[in-house]
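> Let me give you the structure first, and then I'll get to my questions.
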Amino acid sequence: MIAVIRRGLLLAACLGACAAQADALAPPAQAAYLNADGAVAIIGSDGMQPLIEQLNALFIEKHPGFRFAVTAKGSSTAIPALTAGAAAIAPMAREPWLGDLHGYEQAFGHAPLDVRIGYAGHGPRANGNTPPAVYVHPGNPLRQLSLAQLARLVTAGQPEGDINTWGQLGLSGDWAERRIHVYGLRDDGGFATHQRMDRFGGLPFSAHYEALANRAAVFKALAGDSHGIALVGWANAEATAPELRLLPLSRGAGEPAYGPELASVRAGHYPLSAYLHLFVSAEPGTPLAPFIKAYLQLALSDEGQALVAAQTAGAQGYVPLSAAELQAQRKQLDNW
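Mapping of the sequence shown onto this note's numbering: position 185 corresponds to residue 175, and the numbering continues sequentially without gaps.
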């Protein structure tokens, strides 16, 4: 009789725990990010929409009763929607710019939680854009560049000094005394500003940095300048600049250099890789809503990463995280 009672108590405890877990994974009834029909709003990247729809389906399969409403109007809409409370999850397929983050930080006093779930692309390839990269004229003998060297030639005032001539990069002969002609995009709050602030310590662009209106203008200028070099954001390099050469980059002096080709991106080696982000509102020291944490964990699970991998050969060219970065993202989320 006592054994029967114990089994009954254990069963009741199990049922209670399961019910509590089910309740924990229900979205709040009055949350601002719920649509009128109770669907959880996800707002952000248009390119990520197919991936997000697949993640939603997988989540619903594991947690029946959930519904999601995806509004995919571009990465620039992601964090503003999060700031307004209109989105529970905000996908972004590029690095956030200063303008993306300022509104959220002013409203809440801290940055949103950023969970990386993959790399945003690889290239050059015929059917898609190449990640941010450094390009040189095909006749240029320079074989590679470190990020520190890139900072010293693109911006002014780096602690190690500015780089102005090709000889400072190790080229000899007729190249040694020739000045480097640097091309790039305008410092207008977009890609160029993000690179300057995030990668180059916030220092101003150098006097020999020629800012042009768009990527096509940058590629055209570089194609006609054997002594030029350019830092360019997302572009279909194979289609628009097939004559130019991508310059491999290293993270530090003396380290191996890598380009944005698939193998290097997949291994986490390419220094200028952009990420697939899922941003969520999260107060430091406060647990995430259980269903949001479960969604992020799903995106970082083996099943979620397989969905990212299924996009690699497609138009977007998304790539799952390297083993090391995946472990780091899982640890960050587990500790939140």
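Even for Gly, the Cβ is constructed at its ideal location relative to N, Cα and C. Keep in mind the model is a prediction, meaning the values are calculated, not measured.
#1: Could you check whether G64 and S35 sit closer than 8 Å to each other, using their CB atoms as the reference points?
#2: Which runs of the beta strand (DSSP E) fall wholly inside the stretch 81 to 128 and span at least 3 residues, in chain order?
#3: Within 10 Å of its beta-carbon, does I50 have 16 or more other beta-carbons around it, so buried, or fewer, so exposed?
#4: Among V309, P250, H217 and A247, which has the Cα closest to the Cα of P128?
#5: Can you tell me the Cα-Cα spacing of G307 and P122, whole angstroms?
#6: For R115, does the count of other Cβ atoms within 10 angstroms reach 16, so buried, or fall short, so exposed?
#7: What are the boundary residues of the alpha helix (DSSP H) that includes F281?
#8: Can you give me the start and stop residues for the beta strand (DSSP E) that I32 sits inside?
#9: Within the continuous alpha helix (DSSP H) that includes F209, where are the two ends?
#10: Spatial neighbours of L137 within its chain, please: CB distance less than 8 Å, with the 5 preceding and 5 following residues excluded, ordered by chain position.
#11: On the DSSP bridge assignment, give the partners of A62 in chain order.
#12: Determine the DSSP secondary structure at A71, reduced to helix, strand or coil.
#13: Return the Cβ separation of L234 and L202 in integer angstroms, given the expectation that the two are a contact with Cβ distance under 8 Å.
#14: Check whether the stretch 257 to 271 and the stretch 72 to 91 touch, using three or more Cβ-Cβ pairs below 8 Å as the test.
#15: Let me know the secondary structure DSSP gives T230 once reduced to three states.
#16: Do N226 and N119 have their C-beta atoms within less than 8 Å of each other?
#17: Under the assumption that E167 contacts G157 (Cβ atoms under 8 Å), give the Cβ distance between them as a whole number of angstroms.
#18: Ends of the alpha helix (DSSP H) at F296?
#19: Quick one: grab the DSSP three-state call for S162.
#20: Closer than 6 Å by C-beta to F56: which residues in its own chain qualify, once you throw out the five before and the five after it? Chain order, please.
#21: Note down the Cα distance separating Q322 from V105, rounded to an integer number of angstroms.
Taking the coordinates as given:
#1: yes
#2: 103 to 109 and 123 to 126
#3: exposed
#4: H217
#5: 14 Å
#6: buried
#7: P280 to A289
#8: V30 to G34
#9: R205 to A213
#10: R189, L239, S240, R241, G242 and P261
#11: G34
#12: helix
#13: Not really, about 15 Å apart at Cβ, beyond 8 Å.
#14: yes
#15: helix
#16: yes
#17: 6 Å
#18: Checking the sequence shown, residue 296 turns out to be Ala, not Phe. Here the alpha helix (DSSP H) through A296 covers D292 to A299.
#19: coil
#20: I50
#21: 8 Å
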